[in-house]
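Q: In case it helps, full-length UniProt numbering puts the sequence shown at residues 1 to 473. The structure that follows is given in the form of structure tokens.
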Amino acid sequence: MAGPREPATLTERMLGFALGHPSADVPGEVLDWTSLRFTDTVGVALACAGRGLATAAARLALEEPAPGPASIWASGGRRSRATDACFANGMLAHGMDYDDTHTASMIHPSVVIVPTALAVGEETGASGRDVLAAATIGYELAARLGTLAPGKPLQQRGFHPTSVLGIIPATAVAARLLGLSMTEAVSAAGLAGSMAAGLMEFFSDGSDAKQMHPGWAAKGAVTAAKLARHGATGPATVLEGPAGLLKAFAAVEVKSTASAFSGLGEQWTGTTVSTKPYPAGHCIHASVDAWRTLRDRLALRPEDVRRFTALVPSAYLHLVCEPLADKHTPRTVYDARFSLPFAMALTVVDGVLGVDSFRPERLSDPAVLDVARRVDYEVVEYAEYPAAFPGGVRVELDDGTRHEEHLHHNIGSPGNPMPPEDVDAKFRDCVRDVTGTKEAERLLDALRGLATAPSLAEFTAAMSAADALGSPR
Numbered sequence: 001m002a003g004p005r006e007p008a009t010l011t012e013r014m015l016g017f018a019l020g021h022p023s024a025d026v027p028g029e030v031l032d033w034t035s036l037r038f039t040d041t042v043g044v045a046l047a048c049a050g051r052g053l054a055t056a057a058a059r060l061a062l063e064e065p066a067p068g069p070a071s072i073w074a075s076g077g078r079r080s081r082a083t084d085a086c087f088a089n090g091m092l093a094h095g096m097d098y099d100d101t102h103t104a105s106m107i108h109p110s111v112v113i114v115p116t117a118l119a120v121g122e123e124t125g126a127s128g129r130d131v132l133a134a135a136t137i138g139y140e141l142a143a144r145l146g147t148l149a150p151g152k153p154l155q156q157r158g159f160h161p162t163s164v165l166g167i168i169p170a171t172a173v174a175a176r177l178l179g180l181s182m183t184e185a186v187s188a189a190g191l192a193g194s195m196a197a198g199l200m201e202f203f204s205d206g207s208d209a210k211q212m213h214p215g216w217a218a219k220g221a222v223t224a225a226k227l228a229r230h231g232a233t234g235p236a237t238v239l240e241g242p243a244g245l246l247k248a249f250a251a252v253e254v255k256s257t258a259s260a261f262s263g264l265g266e267q268w269t270g271t272t273v274s275t276k277p278y279p280a281g282h283c284i285h286a287s288v289d290a291w292r293t294l295r296d297r298l299a300l301r302p303e304d305v306r307r308f309t310a311l312v313p314s315a316y317l318h319l320v321c322e323p324l325a326d327k328h329t330p331r332t333v334y335d336a337r338f339s340l341p342f343a344m345a346l347t348v349v350d351g352v353l354g355v356d357s358f359r360p361e362r363l364s365d366p367a368v369l370d371v372a373r374r375v376d377y378e379v380v381e382y383a384e385y386p387a388a389f390p391g392g393v394r395v396e397l398d399d400g401t402r403h404e405e406h407l408h409h410n411i412g413s414p415g416n417p418m419p420p421e422d423v424d425a426k427f428r429d430c431v432r433d434v435t436g437t438k439e440a441e442r443l444l445d446a447l448r449g450l451a452t453a454p455s456l457a458e459f460t461a462a463m464s465a466a467d468a469l470g471s472p473r
């Protein structure tokens with residue numbers, strides 16, 4: 001008689017859930033939350049396309065067309081293979097760092113999961129509910145995988161959690177929608193692990209490499225799933241093995257997964273992501289909002305303030321505060337999105353921090369640079385981090401008086417969520433230059449109505465009205 005089966009690998013446990021959890025068992029309120037993530041992600045992608053940001057992969061797909069059913073967003077209805085479409089769309093969605101973040105893992109889940117789910121859903125003819133359910137499971141796996149390999153250690157080793165970790169849950173999404181067997185799905189994850197990539201070296205010069213990461217992860221996920229469907233095999237121990245992803249990238253020894261996977265399918269921890277109200281690194285937001293609170297309360301003008309001191313956890317320093325001299329004068333627009341002093345200065349000078357705040361000419365704006373040079377930082381270890389992105393600001397006025405404000409739960413975080421109407425308003429603001437008002441509402445309705453849609457046909461048709469890419473360069 002055969003002995004008891006060896007304990008399942010981490011990959012088998014994740015993929016077993018991904019393939020086996022019925023769509024009907026995903027709570028309606030969780031699907032509603034996921035539809036907001038789709039709305040936010042598509043809106044941000046169209047905003048990027050309308051401003052010529054992160055369009056390289058989309059233009060490549062249009063320049064080298066391959067027949068397929070998957071929409072290349074903002075291309076006027078042109079389509080391609082799912083692998084090319086999710087690469088293009090994932091890059092677009094991350095182009096201005098306006099997309100959401102799972103705080104504990106530092107993964108930007110939506111820019112990998114949503115392009116994967118929509119592209120494969122269009123290809124397979126899946127219902128809207130099935131697409132949302134697959135994506136919801138992807139969010140759940142991303143959050144739980146992120147608890148095993150938290151984002152900060154990964155970043156300190158030079159790796160981007162979004163693409164290094166995000167490719168695995170995205171592979172689960174693709175495997176579910178493609179109808180892979182358990183054996184095929186586990187192999188797909190094993191193959192995807194060898195495609196995991198994404199370096200943080202873009203911080204050295206403010207270049208665009210980070211924008212590519214989620215699209216590459218989405219493309220790798222779909223590619224891995226299709227390779228497995230054609231018989232390619234990958235290691236079932238791709239995550240926890242001695243040369244697996246967690247050990248190689250994060251130096252993590254997995255001894256127990258019990259806590260990370262407790263309540264799987266009952267507690268939807270993947271919904272603990274933060275929506276961004278501003279198109280800049282999440283670590284910046286709370287200090288910006290703290291300044292806005294002080295400004296409004298005290299009727300402050302830029303010239304009233306001698307010094308601004310951002311109050312931030314030490315985990316933020318390497319991302320948005322240091323080296324301080326470089327953060328005072330960012331080299332590129334993308335660099336500026338990760339400069340707390342510069343983002344603060346834009347807010348102080350303009351009064352707002354919006355979709356059009358970060359423009360090339362602002363990098364040399366004397367008024368902005370003057371304020372940016374008056375911004376320094378001080379470490380405050382807030383108890384709310386990493387469940388949220390807390391922060392604050394202290395201002396010293398010309399008369400020597402000081403005032404301080406803190407925001408313990410950033411706007412858009414689980415503890416201070418953006419209501420659905422605010423997410424919809426953000427969507428409208430993002431797409432206003434890409435499509436007409438009527439067409440924007442049709443696309444919004446298609447996204448918010450996915451849970452009852454028999455297919456993605458209405459989304460595909462509504463997306464065809466958005467054309468910001470023009471002819472391939």
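C-beta: ideal position from N, C-alpha, C; glycine also.
Quick one: which unbroken beta strand (DSSP E) runs of 3-plus residues sit fully inside the stretch 289-341? Chain order, please.
A: 305-312
Q: Can you tell me whether glutamate 63 is buried or exposed, with buried defined as 16 or more other CB within 10 angstroms of its CB?
A: exposed
Q: Measuring CB to CB, does alanine 58 end up less than 8 Å from leucine 469?
A: Yes. Within cutoff.
Q: From Leu199, Glu240 and Ser163, pick the residue whose C-alpha is nearest to that of alanine 221; which is it?
A: Ser163
Q: Among residues of its own chain, excluding the 5 on either side of alanine 224, which ones have a beta-carbon nearer than 6 Å to its beta-carbon?
A: Thr171, Ala188, Leu191 and Ala192
Q: Which same chain residues, not among the five before or five after valine 349, have their C-beta less than 8 Å away from its C-beta?
A: Pro302, Asp365, Ala367, Val368 and Val371
Q: Just the C-alpha distance for glycine 3 and threonine 136, rounded to the nearest angstrom, thanks.
A: Below a pLDDT of 50, predicted positions are generally treated as unreliable, and glycine 3, at 47, falls in that range; the measurement from the model is reported next regardless. Those two C-alpha atoms are separated by around 36 Å.
Q: If you run the structure through DSSP and keep just helix, strand and coil, what is asparagine 89?
A: helix
Q: Less than 8 Å between the C-beta atoms of threonine 271 and methionine 418, yes or no?
A: no
Q: What does the Cβ neighbour count give for glutamate 381, buried or exposed, with the cut at 16 atoms within 10 Å?
A: exposed
Q: Which word fits arginine 402, buried or exposed, when buried means at least 16 other C-beta atoms lie within 10 angstroms of its C-beta?
A: exposed
Q: Hey, leucine 363 and valine 320 are a contact pair by Cβ (cut 8 Å); roughly how many whole angstroms apart?
A: Contact between leucine 363 and valine 320 does not hold, since the beta-carbon distance rounds to 16 Å and is not under 8 Å.
Q: Going by DSSP, name the residue or residues bridged to serine 413.
A: Asn416
Q: Exposed or buried, glutamate 201, counting other C-beta atoms within 10 Å across all chains shown (16 or more means buried)?
A: Flag for glutamate 201 reads exposed.
Q: For the beta strand (DSSP E) containing valine 238, name the first residue and the last one.
A: From DSSP, valine 238 is part of no beta strand (DSSP E); its letter is neither H nor E.
Q: Here's a check: name, in chain order, each residue in its chain whose Cβ is nearer than 6 Å to the Cβ of leucine 31, leaving out the five neighbours to either side.
A: Leu132 and Ala451
Q: Who pairs with threonine 101 in a beta bridge, going by DSSP?
A: Ser274
Q: Please report the distance separating the alpha-carbon of serine 413 from that of valine 112.
A: 20 Å
Q: For leucine 204, which of helix, strand or coil comes out of DSSP?
A: The residue you asked about is not leucine; residue 204 is serine in the sequence shown. In the structure shown, serine 204 sits in a helix (DSSP, three-state: H, G or I).
Q: Under three-state DSSP, which class holds alanine 74?
A: coil
Q: Just list the alpha helix (DSSP H) runs in the stretch 137-169, keeping only unbroken ones of 4 residues or longer that don't cross its boundaries, in chain order.
A: 151-156
Q: Can we say the stretch 238-253 touches the stretch 114-121, given the rule of at least three CB pairs closer than 8 Å?
A: Judged by Cβ distances under 8 Å, the stretch 238-253 makes no contact with the stretch 114-121, as fewer than three pairs qualify.
Q: Using only alpha-carbon positions, find the residue among Leu444, Ala66, Pro454 and Ala453 that is nearest to alanine 462.
A: Leu444
Q: What residues in its chain sit with their C-beta under 7 Å from that of glycine 281, if we drop five residues either side in the sequence?
A: Asp97, Leu319, Val320, Arg337 and Phe338
Q: Can you name, in chain order, every residue of its own chain whose Cβ lies under 6 Å from the Cβ of arginine 37, other than the five neighbours on each side?
A: Ser110
Q: Can leucine 46 and serine 105 be called in contact, C-beta distance under 8 Å?
A: no
Q: At the level of alpha carbons, what is the spacing between leucine 178 and leucine 346?
A: 45 Å
Q: For the putative contact between alanine 196 and phenylalanine 249, defined by C-beta atoms under 8 Å, what is the C-beta separation to the nearest angstrom?
A: 7 Å
Q: Below 8 Å on the Cβ atoms is my contact criterion, and I expect alanine 310 with leucine 353 to pass it. Report the Cβ-Cβ distance as a whole number of Å.
A: Not quite, the Cβ-Cβ distance comes to about 14 Å (not below 8 Å), so this is no contact.
Q: Just the C-alpha distance for glutamine 156 and aspartate 429, rounded to the nearest angstrom, thanks.
A: Each residue's Cα considered, the two are about 35 Å apart.
Q: Within a Cβ cutoff of 7 Å, which residues of the same chain sit near valine 355, ignoring the five residues on either side of it in sequence?
A: Ala47, Pro279, Asp429 and Cys430
Q: What residue does the beta strand (DSSP E) around leucine 180 start on, and which one ends it?
A: Counting along the chain, leucine 180 sits inside no beta strand (DSSP E), nor does DSSP assign it H or E at all.
Q: When the Cα atoms are used, what is the spatial distance from glycine 151 to glycine 234?
A: 25 Å
Q: Beta-carbon separation of histidine 409 and glycine 415 under 8 Å?
A: Yes, the Cβ-Cβ distance between histidine 409 and glycine 415 is below 8 Å.
Q: Near threonine 101, which residues of its chain fall below 6 Å by C-beta distance, leaving aside the five closest residues on each side in sequence?
A: His108, Ser274 and His282
Q: Use the C-beta contact count for alanine 251: other C-beta atoms within 10 angstroms, 16 or more gives buried, fewer gives exposed.
A: exposed
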